[in-house]
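Quick mapping for you: the protein sequence lines, in order, are chains A and B.
Just so you know, the first sequence maps onto residues 1 to 367 in UniProt numbering.
Just so you know, the second sequence maps onto residues 1 to 367 in UniProt numbering.
The beta carbon of each residue, even a glycine, is placed where N, CA and C say it ideally should be.
Predicted model, so just to flag it, every value in this text is computed and none were measured.
Structure first, commentary second.
Protein chains: 2
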Amino acid sequence: MSWGVDNLPYGVFSCPGQRPRVGVRYGDKVLDLASALHDEVFAAPSLNPFMARGRAAWHDTRALIQTKLTSDRFVTDRHLIPLDQVRLHLPFEVADYVDFYCSLDHASNIGKIFRPGSEPLQPNWRHLPVGYHGRSGTVVVSGTPIRRPQGQLGPGVFGPCQKLDIEAELGFVVGVPTSMGSPAGAFEDHVFGVTLVNDWSARDIQSWEYVPLGPFLAKSFATSISPWVTPLEALPRIPGRAQDPEPAAYLRRQADWGLDIELEILLNGEVVARPPYSAMYWTPDQMLAHLTVNGASLRTGDLFASGTISGPEQGQRGSLIELTWNGTEPIKLPGGETRTFLQDGDTVTIRASAAGLTLGEVSGTAG
Amino acid sequence: MSWGVDNLPYGVFSCPGQRPRVGVRYGDKVLDLASALHDEVFAAPSLNPFMARGRAAWHDTRALIQTKLTSDRFVTDRHLIPLDQVRLHLPFEVADYVDFYCSLDHASNIGKIFRPGSEPLQPNWRHLPVGYHGRSGTVVVSGTPIRRPQGQLGPGVFGPCQKLDIEAELGFVVGVPTSMGSPAGAFEDHVFGVTLVNDWSARDIQSWEYVPLGPFLAKSFATSISPWVTPLEALPRIPGRAQDPEPAAYLRRQADWGLDIELEILLNGEVVARPPYSAMYWTPDQMLAHLTVNGASLRTGDLFASGTISGPEQGQRGSLIELTWNGTEPIKLPGGETRTFLQDGDTVTIRASAAGLTLGEVSGTAG
């Protein structure tokens, strides 16, 4: 998988004893942008000031970095730091975090598990990308330990979550804000790039608390994201999936924003699922249009995620509740071990790639 | 209603051509704290840096201001600026915004309206303070115009919201953060003060979108708060309401955090309801304990609100959907006018007081 000049994701790194600043990943090194480009915007401890500059600046900066890396290696080498000498941080300051529910297969699976015998999809599902706000203060960078939450698991039942789960998702990071009252413009004018998301979920807390206002403590204890934000410009695009019924005018696609990204979910190093992003029903431009159609404003650093990515096949499901059918069909691991939900010490890693371009990984150990 | 030395709420103000900074309201004036106390923390454009200092600093600062105002008037007068010469801003930078659902009467009314004939309260309601995350980027200060949202009002129906509503609430502002994995300590060690909240709501958007992940666009277009944050120390406390069944151990009250606050809702200047905060079922310390029991961290600037405040009487309901029973019983206004939900140009003002101490007001005009 390539970390070459066609990739160049942005992140925030620090060397021992120094303050975090913005870099770009190239091979197994980080290009120190503040020094390589002589631009103070990259001396910030987050991508936000750079992301706020907008699409033309994103494009020009990327082109400049590509030129420097390919034609100016003698100079650039001085600003490349080996990855094993740096620490990676949360790449941006998260403003609002919204999580959608855009996979037809995921929503159908959840409906079948929780409401067997009835129509799996809710009446609104094919009319709008269902979404809700999550907790932005507990969005953490890959590698952060995930403490098993405690809470109410049912009436009179309190204790540590017994159904700790993951959700493999793609997150979209907003660079250019909007004013209240004005829906967002073109997707590529606002969205800077993408990150991998693991939306850790406590299924027992969730099923007891979520009526009628939605998931709350079942999700708010931690959401992990990958340290590298892949620029939108780097991603190959494909047509979105057919939609029936035809969506409302504000949700009609203006361009192709389907994404051909292959994900892998590893549980303690073993691949347990390969969810395809191409199977998603609602596209990211539709998420953005929906999020702002009511006049809600965007801020630099807003993160909106796709919801669990699941494909139609059994091995393409993006959560343990689907992979094990709510714990009734355990996953077999090497050495005779099985899993329904996560045990303390389990490590989950989500990797992704798109046409030879890697999006890196988001990883976390529960305990 | 008094804005005297027993009150002294904090806010952020600016004089023409100058940058916003922190002040305290005293009578019809604002005390410029950065100059009066020679402390740069008050030169910030938000209360956040001061709130982060913690409870001892909050107490000492309040005592110092009280001393200066009562014994040092000649000096202090130079730092008092008439309110009509300043502009008021959002008093703090909102980190995460959570909205609860703590009124038994409100939850019961909503249940009766939407599920007539069945048990009004959901099974979880008496076991935990139900809550969800809202959009912090659209929390605005009193006086900000409220644009009527557009959206999907049902399958195939798109247009401006026809059921624009209000929710009269009390908001609690977090000063002292916590780390991930550790539940919050004592309420008064974390919560700096209270603000009035109007959680504008699009009822037609809400009823179509909210299953299964909760309210989203129906609430995210705007949430108004009062410009003055009343310190917790200033508020008289009363015992909380009896609870049945006895709550889980983590929700058992360690101290009396019932609040005897009387609210008034004015529609175009006419009082249409007087919700009593004393009727609330879950107390603010229980909200905080619940919010963090799963290990979710707090940040300085977190705002959590009570949910609609409704009392048992018809004239004590805190939303139009309750006051007009979902539009079937219009409110009569002077001059023969009636209202079910808000019309363009309508102004809603929520005022509150506690034992002679005013909490000021939050106001907004829809259009």
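| Query | Result |
| --- | --- |
| Distance between T340 (chain B) and L170 (chain A) (C-alpha atoms, nearest Å) | 42 Å |
| Near-chain A residues of the stretch 85–116 of chain B (beta-carbon distance less than 7 Å), N- to C-terminal order | A95, D96, Y101 |
| V22 (chain B) (DSSP reduced to helix, strand or coil) | strand |
| Euclidean distance between Cα positions of G54 (chain A) and V211 (chain A) | 40 Å |
| Test: I122 (chain A) CB closer than 8 Å to a CB of chain B | Note that residue 122 (chain A) is Gln in the sequence shown, not Ile. At least one chain B Cβ lies under 8 Å of Q122 (chain A). |
| Whole alpha helix (DSSP H) elements within the stretch 133–191 of chain A, 4-residue minimum | 187–190 |
| Contacts around G240 (chain A), its chain only, beta-carbon distance under 7 Å, and the 5 residues preceding and following it disregarded | R253, D256, W257, G258, T283 |
| Inter-stretch contact at 8 Å, needing at least 3 Cβ pairs: the stretch 285–303 of chain B / the stretch 320–338 of chain B | no |
| Interface partners of P215 (chain A) on chain B, CB under 7 Å | L213 |
| Residue(s) in a DSSP beta bridge with P82 (chain A) | A:K29 |
| Residue-level contact to chain B via CB, V293 (chain A), 8 Å cutoff | yes |
| P236 (chain A) (DSSP reduced to helix, strand or coil) | coil |
| Below-8 Å beta-carbon distance, G131 (chain A) vs any chain B residue | yes |
| Residue nearest to F158 (chain B) in terms of C-alpha spacing, selected from A:A248, A:S35, A:A184 | A:A248 |
| Environment of G154 (chain A) [buried if 16+ CB atoms lie within 10 Å] | exposed |
| Under the three-state DSSP convention, the category G345 (chain A) falls into | coil |
| Identity of the residue in B:A352, B:R147, B:A354 nearest L342 (chain B) by Cα | B:R147 |
| Chain E residues whose Cβ lies nearer than 9 Å to that of P231 (chain B) | Protein chains in the displayed structure are A and B, and chain E is not among them. |
| Beta carbon of D60 (chain A) nearer than 8 Å to that of A234 (chain A) | no |
| Complete beta strand (DSSP E) runs within the stretch 212–263 of chain B (minimum length 3 residues, chain order) | 223–225 |
| Spatial neighbours of F216 (chain A) in its chain, beta-carbon cut-off 7 Å, leaving aside the 5 residues before and after | E209 |
| Chain A contact residues for R147 (chain B), given Cβ-Cβ distances below 8 Å | M180, G181, G295 |
| D99 (chain B) - containing beta strand (DSSP E), residue span | 97–100 |
| Neighbour flag for E209 (chain B) against chain A, beta carbons, 8 Å | yes |
| H89 (chain B), DSSP secondary structure in three states | strand |
| 6 Å Cβ shell around G214 (chain B) - same chain, five flanking residues per side excluded | Y132 |
| For Y10 (chain B), the three-state DSSP class (helix, strand or coil) | strand |
| Where P20 (chain A) meets chain B, residues with beta-carbon distance less than 8 Å | The premise fails here: P20 (chain A) is roughly 18 Å from chain B at the closest Cβ pair, so nothing lies under 8 Å. |
| Option in B:I65, B:H89, B:F92, B:L88 with minimal Cα separation from H79 (chain B) | B:I65 |
| Contact belief for I166 (chain B) with V348 (chain B) at Cβ below 8 Å, rounded distance in angstroms | 5 Å |
| Presumed contact (8 Å Cβ cut-off) between residue 379 (chain A) and P129 (chain A), rounded CB distance | This structure gives no information on residue 379 (chain A), because the portion of chain A shown stretches from 1 to 367. |
| Nonlocal neighbours in the same chain, by C-beta distance under 8 Å from S2 (chain A), ignoring five residues either side | G356, L357, T358 |
| E329 (chain A) burial status per 10 Å Cβ neighbour count (16 or more: buried) | exposed |
| Check: Q150 (chain A) C-beta below 7 Å from any heavy atom of the ligand SAM | Among the components modelled here there is no ligand, and therefore nothing to report on the ligand SAM. |
| P160 (chain A): contacting residues in chain B (beta-carbon distance under 7 Å) | Residues of chain B passing the Cβ test: none, with the nearest at roughly 10 Å. |
| Limits of the beta strand (DSSP E) - the one that E209 (chain B) falls within | No beta strand (DSSP E) contains E209 (chain B), which is instead part of the alpha helix (DSSP H) from 203–209. |
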